[in-house]
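Visitor: The structure's right below; bear with me while I get my questions together.
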Amino acid sequence: MEKKLIFAKKVDKQILLINTAAALIYFSWWLMPDHAATPALYILLLFGEFYHVLMSALFWFTMWPAKQKETLFDESYHPTVDVFITVAGEPTDIVEETLKATLNMRYDNFKVYVLNDGLVGKKDNWHEIVRLAHSYGVSCITRRIGGGAKAGNINNALLQTHRDIIVIFDADMSPHEDFLEKTIPYFSDKRIGFVQTPQYYKNNLVNEITKGAWEQQEFFFGPIMEGKDRVNSAFMCGTNVVIRRKALVDAGGMRTDNIAEDFLTSLKIHQNGWISRYTREVLAEGLAPEDMQSYWKQQLRWARGSLEVLFWENPIFKRGLTWAQRFQYLSSALYYFNGLVLLIDMAMPILFLLTGRQVVSTSTTSFALFFLPFMFLNLSTLFAVASGRLTFRAISFSQSAWTLQLKAIKSAFLNQKMAFVVTPKKQKSGNFLFLAYPHFFYIFLMSVSTVFAVVTRGVDASIISNVAWGLFNIILFLPFLKAVVNPNLKPEKTSRKELSYA
Amino acid sequence: MRSYTFYLTTFLKYFVVFVFLGSVIGINTYFLLHQSIGLDEAQSIWIVTKPMGAMLQLTAQDVHPPLYNLLLHYWLLIFGTDISVARILSVIFFVFTIPFLFQMSKESSNSRVAFLTVILFSLSPFILWYSSEARMYSMLAFATAANSLYFLRMFRTRGDKGGLGFFITAAFGLYTHYFFILLLGTQALFVLYKGLVNLVSGKISVSEFLNNPDEKNKIFVKKFFKILISASILLLPWLLYVFLNGSASNTQPLIPKPTTYNIFELFVNVMFGFPTAAIQTIIVSMWPLLGIIFFFVFTHRKTQPLFTVRYFLMATFIPVFIIYLGSFIKPVFLSRYLIFITPTFFFLIAWILVNYAKKLSSYLIAAVIVLMLVFSFEQDFTSYTPVKENYKGVAEYLYKNASANDVIAVTAPFTIYPLEYSYNGITTLDTIPQWDRLQEGGIPPFNSSDLITQVDNYKKQYARLFVVYSYNQGYENKIKNYLDEHYKIEKTVNFSQGLWLRVYTLQYGVASLKVTQY
Numbered sequence: 008m009e010k011k012l013i014f015a016k017k018v019d020k021q022i023l024l025i026n027t028a029a030a031l032i033y034f035s036w037w038l039m040p041d042h043a044a045t046p047a048l049y050i051l052l053l054f055g056e057f058y059h060v061l062m063s064a065l066f067w068f069t070m071w072p073a074k075q076k077e078t079l080f081d082e083s084y085h086p087t088v089d090v091f092i093t094v095a096g097e098p099t100d101i102v103e104e105t106l107k108a109t110l111n112m113r114y115d116n117f118k119v120y121v122l123n124d125g126l127v128g129k130k131d132n133w134h135e136i137v138r139l140a141h142s143y144g145v146s147c148i149t150r151r152i153g154g155g156a157k158a159g160n161i162n163n164a165l166l167q168t169h170r171d172i173i174v175i176f177d178a179d180m181s182p183h184e185d186f187l188e189k190t191i192p193y194f195s196d197k198r199i200g201f202v203q204t205p206q207y208y209k210n211n212l213v214n215e216i217t218k219g220a221w222e223q224q225e226f227f228f229g230p231i232m233e234g235k236d237r238v239n240s241a242f243m244c245g246t247n248v249v250i251r252r253k254a255l256v257d258a259g260g261m262r263t264d265n266i267a268e269d270f271l272t273s274l275k276i277h278q279n280g281w282i283s284r285y286t287r288e289v290l291a292e293g294l295a296p297e298d299m300q301s302y303w304k305q306q307l308r309w310a311r312g313s314l315e316v317l318f319w320e321n322p323i324f325k326r327g328l329t330w331a332q333r334f335q336y337l338s339s340a341l342y343y344f345n346g347l348v349l350l351i352d353m354a355m356p357i358l359f360l361l362t363g364r365q366v367v368s369t370s371t372t373s374f375a376l377f378f379l380p381f382m383f384l385n386l387s388t389l390f391a392v393a394s395g396r397l398t399f400r401a402i403s404f405s406q407s408a409w410t411l412q413l414k415a416i417k418s419a420f421l422n423q424k425m426a427f428v429v430t431p432k433k434q435k436s437g438n439f440l441f442l443a444y445p446h447f448f449y450i451f452l453m454s455v456s457t458v459f460a461v462v463t464r465g466v467d468a469s470i471i472s473n474v475a476w477g478l479f480n481i482i483l484f485l486p487f488l489k490a491v492v493n494p495n496l497k498p499e500k501t502s503r504k505e506l507s508y509a
Numbered sequence: 011m012r013s014y015t016f017y018l019t020t021f022l023k024y025f026v027v028f029v030f031l032g033s034v035i036g037i038n039t040y041f042l043l044h045q046s047i048g049l050d051e052a053q054s055i056w057i058v059t060k061p062m063g064a065m066l067q068l069t070a071q072d073v074h075p076p077l078y079n080l081l082l083h084y085w086l087l088i089f090g091t092d093i094s095v096a097r098i099l100s101v102i103f104f105v106f107t108i109p110f111l112f113q114m115s116k117e118s119s120n121s122r123v124a125f126l127t128v129i130l131f132s133l134s135p136f137i138l139w140y141s142s143e144a145r146m147y148s149m150l151a152f153a154t155a156a157n158s159l160y161f162l163r164m165f166r167t168r169g170d171k172g173g174l175g176f177f178i179t180a181a182f183g184l185y186t187h188y189f190f191i192l193l194l195g196t197q198a199l200f201v202l203y204k205g206l207v208n209l210v211s212g213k214i215s216v217s218e219f220l221n222n223p224d225e226k227n228k229i230f231v232k233k234f235f236k237i238l239i240s241a242s243i244l245l246l247p248w249l250l251y252v253f254l255n256g257s258a259s260n261t262q263p264l265i266p267k268p269t270t271y272n273i274f275e276l277f278v279n280v281m282f283g284f285p286t287a288a289i290q291t292i293i294v295s296m297w298p299l300l301g302i303i304f305f306f307v308f309t310h311r312k313t314q315p316l317f318t319v320r321y322f323l324m325a326t327f328i329p330v331f332i333i334y335l336g337s338f339i340k341p342v343f344l345s346r347y348l349i350f351i352t353p354t355f356f357f358l359i360a361w362i363l364v365n366y367a368k369k370l371s372s373y374l375i376a377a378v379i380v381l382m383l384v385f386s387f388e389q390d391f392t393s394y395t396p397v398k399e400n401y402k403g404v405a406e407y408l409y410k411n412a413s414a415n416d417v418i419a420v421t422a423p424f425t426i427y428p429l430e431y432s433y434n435g436i437t438t439l440d441t442i443p444q445w446d447r448l449q450e451g452g453i454p455p456f457n458s459s460d461l462i463t464q465v466d467n468y469k470k471q472y473a474r475l476f477v478v479y480s481y482n483q484g485y486e487n488k489i490k491n492y493l494d495e496h497y498k499i500e501k502t503v504n505f506s507q508g509l510w511l512r513v514y515t516l517q518y519g520v521a522s523l524k525v526t527q528y
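Chains as they are written, first to last, in our numbering: chain A, 8 to 509; chain B, 11 to 528.
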C-alpha cells in the first residue's frame with residue numbers, strides 16, 4: 008500500500024527571522040502615540056494588532072526548524088494493545104466498517120472493544136451496536152450510567168481492560184492494516200506517552216463543507232502538528248491516537264471536566280513528563296461533517312474546549328511543561344480568540360462610516376507601507392509551509408467562524424455548561440442559512456453605513472479606505488457563504504485534493 | 011493530429027486579439043501623436059536639433075545619458091523636426107518591446123501568461139502615453155524587457171546562453187537612462203541572493219562565499235559580473251565627458267520629496283495611467299484590497315509555471331524603494347523614471363490573473379482590460395489629465411491675442427522650450443527670471459528686485475504682458491502677487507493642470523496692434 012502523507016514543508020530560519028523583523032516594524036507603527044486619533048478605539052485596535060502579531064510569532068515559533076528529541080523506534084517491540092472504538096449513536100453501517108478495518112489490522116496481540124454509549128445517550132441503535140459487536144466476536148462495553156461524555160466512556164473502559172497500550176478510534180475512523188505496525192514501535196521508548204496520527208477525511212470531496220473542513224484539517228495535521236511534534240507538544244485529537252495506559256492513568260484518565268477532553272488530557276500527560284509523537288502518515292480514514300450545522304457544532308466544541316483550557320487551566324502557569332510546550336498550548340487555545348479580534352476589525356469601518364470618527368491620525372498609505380510587507384511575508388510563509396496547498400476556502404472558513412468563537416469565548420469565560428455532541432457522520436438535511444445571518448447582517452450594515460457616509464459626507468480617501476476594509480472582510484466570507492447557501496459541488500473532472508504520495 | 015477547425019479557431023482567436031490590440035493602440039497613438047508638445051519633449055528637440063558638438067554638451071549638462079538624443083538627432087535629420095515625427099521613434103521602441111516582452115514571459119512561464127503580459131503592457135495608458143512621447147522612456151522600457159529576457163536566459167542556462175544579448179542590452183540600457191543601473195544592481199543582488207543569505211546567517215564563511223563550491227554556478231556568476239562590469243565600463247567615457255562639461259544644470263523642474271502616497275500612486279499610474287487627482291485618490295485609497303490579492307496569490311490553485319518569482323519581485327520593487335528612499339536626499343521619484351519596472355510588473359500581474367480559477371480569472375482579466383481601456387480613453391480625451399501640458403493651446407491663444415506691442419514672459423524659464431516650439435507669432439518671448447540658454451551656468455535664481463526691473467523695462471516698450479505660468483519652481487506666487495498688485499489683470503485662462511496664462515496691462519492708451527501673422 009502506498010504511503011499517504013499530509014504535506015508539511017520546513018522553512019529556513021532566515022525567512023522566519025525576516026518575518027519577525029517585519030512584524031516588529033509593523034507593530035512599532037502602532038506604538039507611536041501620535042498615531043492615535045481616538046484613544047479608546049485606537050487601544051482596541053492596538054489590542055487586535057497585538058493579537059495578530061502574537062499569533063504570527065507563535066506560528067513562526069511552531070514552524071521554527073528545531074532539532075527534535077530523538078526517540079526509539081523498535082519494530083520488534085510488541086506490547087499488548089486494547090483498541091477502543093467509541094460509539095454514541097453513529098449509524099451501524101459506519102461502525103461496522105470501522106470494526107472490520109480494526110479487526111483487519113496486522114498485529115498479533117490486540118483486543119478490540121466497542122465502547123457503546125448509545126444506551127446512556129438514548130440512541131435508537133444502541134442495541135444494534137451490541138449485536139454488531141457480538142457478531143464479529145468483539146467485546147462491547149455498554150455504559151448504563153452516563154457522565155463525562157466520550158471521556159467518561161473511555162474511562163469506564165479503562166477500568167475494565169488491562170493491556171499496556173490503548174488505541175482510540177472514533178466510530179467512523181477506519182484504520183489501515185498497518186496502523187499498529189506504524190505506531191506501536193514508538194512505545195519501545197519508555198518515555199513515550201502517546202502517539203497521534205492524522206485525522207483524514209475520506210469524504211473530503213463530497214461538498215463545499217467537507218472540502219473546507221478537510222482543507223483546514225490538512226493544514227493543522229500538516230505543518231502545525233509537525234511543528235508541535237518538534238518541540239514535544241503534539242496533542243491528542245480524540246481519535247487515531249495510541250496511548251500508554253500508564254500515562255493515561257497517571258493523568259487521571261481522560262479528563263471529563265473539559266469538552267475538549269483530548270486537549271486537556273494531553274496537557275496533563277505532558278505535565279507528567281511524558282513524550283508525545285506525531286506521525287504525518289495517514290493511518291486511518293474517517294468522515295468530515297457533511298452539513299454546515301454539524302461542522303459548526305464540531306468547531307464550537309473545539310473552540311469551547313480550547314478556550315476553557317485558556318481561562319481555567321492556563322498552560323503558561325502549568326508546572327512540568329517546558330516553555331516551548333506552554334507556548335504551543337497557548338497558541339492552540341489563543342487561536343479561538345480570533346473571533347473577538349475580528350469583531351473589532353469589522354466594527355471599525357462601520358463606526359467610521361457612521362460617525363466620521365477617525366481611529367488613526369496618519370495617512371492611510373503610510374500605514375499601508377508598514378502593514379503590507381508584514382502581511383505579504385506572513386502569507387508567503389504560510390504558503391511555503393503549506394506547500395501551496397492551503398486554500399482560500401480554508402481561510403474563509405476560519406475567518407467566518409468568528410460568530411461561534413464569540414459564543415465559545417462567552418460560554419468559556421462564564422464557565423457555562425455545554426453538552427458534548429458527537430459530530431454527525433451523515434449529512435443532515437435542512438436549511439442552515441441561519442448560521443450565516445451574522446455575516447449577511449454585516450454585509451447589510453456595511454452597505455447602509457457606506458450609503459450613509461457618502462450621502463452625508465461625500466466621497467473622500469478615508470471613506471474609500473474604510474469601505475475597502477469592509478469589502479476585505481466580506482470577500483473573506485464569500486466561500487463560507489457559498490458553502491452555506493449551496494454546499495453541493497458540481498462534479499469535478501479531476502480531484503485536486505488527493506494527498507501527495509511519498 | 012489537430013483538426014482544421016482547431017487551426018481555424020486558433021487563427022481567429024489570435025486575429026481578433028491582434029485586431030483589437032492594433033485598434034486600441036492605433037487610436038491611442040493617433041491621439042497622443044497629435045497632442046501638444048510637452049516641456050521635456052521640447053527640451054529634447056531643442057537639444058537634438060543643435061550641431062553634434064553642442065548637442066552632446068547640452069546633453070551632458072542635462073540629466074540623461076546621450077543614446078536617445080543621438081538617435082533622435084539622426085532621426086529628425088532624416089525625417090524632419092515635427093513633433094509627431096519625433097514621437098514615432100518612441101512608438102517604434104514600444105513595438106520592438108512587445109516581442110521581447112512576450113519571449114521573456116514565455117520563457118519564464120508559458121504562452122498564456124506571455125500573451126496576457128503583452129496585452130496588459132500594450133493597453134496600459136501609462137505605457138501608451140510614454141510610447142508616444144518624444145523622450146527616452148519607451149526606449150528604456152524596451153531596454154528593460156530585452157535585458158530581462160537575456161538575463162533570465164543566462165541565469166536559467168547558467169551562463170551558456172544569452173551572454174551577448176545581456177551585454178548589448180545592459181550597455182544600451184545604461185546609455186539610455188542612468189536609473190537602468192538599478193535594474194542591473196538588482197540582477198546582481200538576485201544572482202548573489204542565496205550566497206548572501208547564507209553568509210549573513212553564518213551558514214558559510216566569507217571565503218566560502220567568494221569561492222562557491224558549485225563549479226557551474228561559479229562560472230555563471232563570474233561571467234555575469236564580467237559582462238556587467240564590461241557594460242558599465244562602456245559608460246565611463248560618457249561619465250568623464252559629463253564630469254568635464256559640468257553636471258546637470260538647474261533646468262530641471264522642482265520635484266517634491268515623495269510621500270508614501272507616491273509609491274501607491276506609481277502603481278496606479280502604471281496600471282491606469284494618469285487619471286485626475288480625485289480618481290487617483292479613490293484608487294489608491296482602495297489599497298486594503300491588496301490584502302485580498304495576497305490571499306489569492308498565496309492560496310492553493312493550479313499554478314502556471316513560473317521560473318523565478320523572486321527575480322520579478324526584486325526587479326519590480328527594489329528599484330522603487332531605492333528611488334523612494336534616495337529621494338529624501340535628492341528628490342527624483344517620478345513615475346516615468348521608473349518605467350523600467352513595467353515589464354516585470356506586468357508579468358507578475360498577468361501571472362497572478364491567469365492563476366485564478368478559470369471563470370474568476372476570465373472575469374478579472376476582462377475587468378482589468380476594460381478598466382485600462384476606460385482610463386486610456388479618459389486620458390486621451392479629457393484636458394484634466396495631470397501630465398497633459400497644453401502648450402499648443404497657449405500658443406494658439408497667444409497667436410490670436412498677442413501683438414507686436416506686447417511681450418510674453420514664461421515662468422519657469424525652461425518652459426520656454428515647448429512654447430517656443432509651438433508658437434510662431436511675432437510677439438517677443440522672454441522668461442522670468444530672464445535666461446540666456448546658450449550661456450553657461452544655467453538659469454539664474456529668482457530675485458524680486460530683478461523682477462521689478464524686468465517688468466519696468468517691459469513697461470517702457472510694451473502695452474501688455476502675457477505671463478505663462480507653469481512648473482512652479484517655488485517663486486511663481488511671488489511673481490503673480492507682484493504683478494497682480496501692481497498691474498491691471500485683463501484676463502486669466504487655464505489650459506491644463508498647472509498651465510495657465512494671465513494678461514496684464516502695462517501702459518494705458520497704447521494701442522495693441524494686431525498685426526497679421528504669418
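Ideal Cβ positions, reconstructed from N, Cα and C, are used throughout, including at glycine.
Would you mind telling me which residues of chain B sit closer than 8 Å to A:Val466, beta carbon to beta carbon, in chain order?
Guide: One-based indexing of the first sequence puts residue 466 of chain A at position 459. Simply Ile292.
Visitor: Whole angstroms is fine: what's the gap from B:Ile47's alpha carbon to B:Ile93's?
Guide: The residue labelled residue 47 of chain B in the question sits at position 37 within the second sequence. The residue labelled residue 93 of chain B in the question sits at position 83 within the second sequence. If you take the alpha carbons of B:Ile47 and B:Ile93, they lie about 7 Å apart.
Visitor: According to DSSP, what are the bridge partners of A:Ser283?
Guide: Within the first sequence, numbered from 1, the residue matching residue 283 of chain A stands at position 276. Note: A:Ser283 sits in a beta bridge opposite A:Phe201.
Visitor: B:Ile500 lies in the beta strand (DSSP E); which residues open and close that run?
Guide: Taking the second sequence and counting its residues from 1, one reaches residue 500 of chain B at position 490. The residue you asked about is not Ile; residue 500 of chain B is Glu in the sequence shown. B:Glu500 -> beta strand (DSSP E) spans 498-506.
Visitor: Which partner residues of A:Cys147 appear in the DSSP bridge assignment?
Guide: Here the question's residue 147 of chain A lines up with position 140 in the first sequence. Paired residue(s): A:Val121.
Visitor: In three-state terms, what does DSSP make of A:Ser181?
Guide: Looking up residue 181 of chain A in the first sequence gives position 174. Correct three-state label for A:Ser181: strand.
Visitor: Does B:Gly36 pass the burial test, meaning 16 or more other C-beta atoms within 10 Å, or should it be called exposed?
Guide: Within the second sequence, residue 36 of chain B is the residue found at index 26, counting from 1. That one is exposed.
Visitor: So if DSSP puts A:Asn214 in a beta bridge, which residue, or which two residues, is it bridged to?
Guide: To locate residue 214 of chain A, count along the first sequence from 1; it is residue 207. Note: A:Asn214 sits in a beta bridge opposite A:Asn495.
Visitor: Listing by chain order, which chain A residues have their CB less than 7 Å from the CB of B:Pro298?
Guide: Counting from one through the second sequence, the residue named residue 298 of chain B turns up at place 288. The answer, in chain order, is Ser472, Ala475, Trp476, Phe479.
Visitor: Go ahead and pull the three-state DSSP assignment for A:Gly293.
Guide: Position 286 of the first sequence, counting from 1, holds the residue named residue 293 of chain A. It is a strand residue.
Visitor: Would you identify the three-state DSSP class for B:Thr526, choosing helix, strand or coil?
Guide: Counting from one through the second sequence, the residue named residue 526 of chain B turns up at place 516. Note that B:Thr526 scores a pLDDT of 41, beneath 50, so its modelled location is shaky; the value from the coordinates is reported in the next line. Looking at B:Thr526 - three-state DSSP - the assignment turns out to be coil, as it is neither helix nor strand.
Visitor: Consult DSSP for A:Val249 and reduce its assignment to one of helix, strand or coil.
Guide: As a working note, residue 249 of chain A is residue 242 in the first sequence. In the structure shown, A:Val249 sits in a strand (DSSP, three-state: E or B).
Visitor: If you scan the region 395-429 of chain B from start to end, which runs of the alpha helix (DSSP H) of 4 or more residues do you find wholly inside it?
Guide: For the region 395-429 of chain B, whole alpha helix (DSSP H) runs of length 4 or above, ordered along the chain, are 401-411.
Visitor: Are B:Phe104 and B:Ile137 close, meaning C-beta to C-beta below 8 Å?
Guide: The residue labelled residue 104 of chain B in the question sits at position 94 within the second sequence. The residue labelled residue 137 of chain B in the question sits at position 127 within the second sequence. Cβ distance < 8 Å, so B:Phe104 and B:Ile137 count as in contact.
Visitor: Which residue comes first and which comes last in the beta strand (DSSP E) that contains B:Trp510?
Guide: Start at 1 with the first residue of the second sequence, and residue 510 of chain B comes out as number 500. 509-515 is the span of the beta strand (DSSP E), which, as asked, contains B:Trp510.
Visitor: Determine the direct distance from the alpha carbon of A:Val248 to that of A:Ser142, and round the result to whole angstroms.
Guide: Against the first sequence, residue 142 of chain A aligns to sequence position 135. Against the first sequence, residue 248 of chain A aligns to sequence position 241. About 26 Å.
Visitor: Alpha carbon to alpha carbon, how far is B:Asn221 from B:Ile4? Give it in angstroms, no decimals.
Guide: Because residue 4 of chain B is not part of the residues shown, which for chain B are 11 to 528, the question remains open.
Visitor: Any idea if B:Val417 is buried or exposed, counting beta-carbon neighbours within 10 angstroms, 16 or more meaning buried?
Guide: Along the second sequence, read from residue 1 onward, the residue named residue 417 of chain B stands at position 407. The residue in question, B:Val417, is buried, as its Cβ has 16 or more Cβ neighbours within 10 Å.
Visitor: Which residue comes first and which comes last in the beta strand (DSSP E) that contains B:Leu475?
Guide: For this step, residue 475 of chain B is matched to residue 465 along the second sequence. Here the beta strand (DSSP E) through B:Leu475 covers 474-479.
Visitor: Can you give me the C-alpha to C-alpha distance between B:Leu68 and B:Leu77, rounded to a whole angstrom?
Guide: One-based indexing of the second sequence puts residue 68 of chain B at position 58. One-based indexing of the second sequence puts residue 77 of chain B at position 67. Using only the alpha carbons, I get a separation of about 13 Å.
Visitor: Of all the CB atoms in chain B, is at least one closer than 8 Å to the CB of A:Ala375?
Guide: Counting from one through the first sequence, the residue named residue 375 of chain A turns up at place 368. By this cut-off, A:Ala375 is an interface position.
Visitor: Assuming A:Gln112 and A:Phe186 form a contact by the criterion Cβ under 8 Å, report the distance between their Cβ atoms to the nearest whole angstrom.
Guide: For the purposes of this step, residue 112 of chain A is taken as residue 105 along the first sequence, with counting starting at 1. For the purposes of this step, residue 186 of chain A is taken as residue 179 along the first sequence, with counting starting at 1. According to the sequence shown, residue 112 of chain A is Met rather than Gln. A:Met112 to A:Phe186, Cβ: 5 Å. Contact.
Visitor: So for A:Ile50, helix, strand or coil by DSSP?
Guide: For this step, residue 50 of chain A is matched to residue 43 along the first sequence. Helix, per DSSP.
Visitor: For the pair the region 373-391 of chain B and the region 172-180 of chain B, tell me if three or more CB-CB distances fall below 8 Å.
Guide: Touching, no, given that fewer than three Cβ pairs across the two stretches are closer than 8 Å.
Visitor: Please list the partners that B:Thr270 has in chain A, where partner means a Cβ-to-Cβ separation under 8 Å.
Guide: Here residue 270 of chain B corresponds to residue number 260 of the second sequence, with the count starting at 1. Under the 8 Å cutoff, chain A gives Ser370, Thr372, Ser373, Ala375, Leu376.
Visitor: Within 10 Å of its beta-carbon, does A:Tyr342 have 16 or more other beta-carbons around it, so buried, or fewer, so exposed?
Guide: Along the first sequence, one-based indexing puts residue 342 of chain A at 335. A:Tyr342 should be labelled buried.
Visitor: Using a Cβ-Cβ cutoff of less than 7 Å, which residues in the same chain neighbour A:Asp196 once the five nearest sequence positions on both sides are dropped?
Guide: For the purposes of this step, residue 196 of chain A is identified with residue 189 of the first sequence, where counting begins at 1. Cβ neighbours of A:Asp196 beyond the five flanking positions: Thr78, Leu79.
Visitor: If you draw a straight line from the C-alpha of B:Leu475 to the C-alpha of B:Thr515, how long is it?
Guide: Taking the first residue of the second sequence as position 1, residue 475 of chain B is located at position 465. Taking the first residue of the second sequence as position 1, residue 515 of chain B is located at position 505. Taking the straight line joining both Cα atoms gives about 6 Å.
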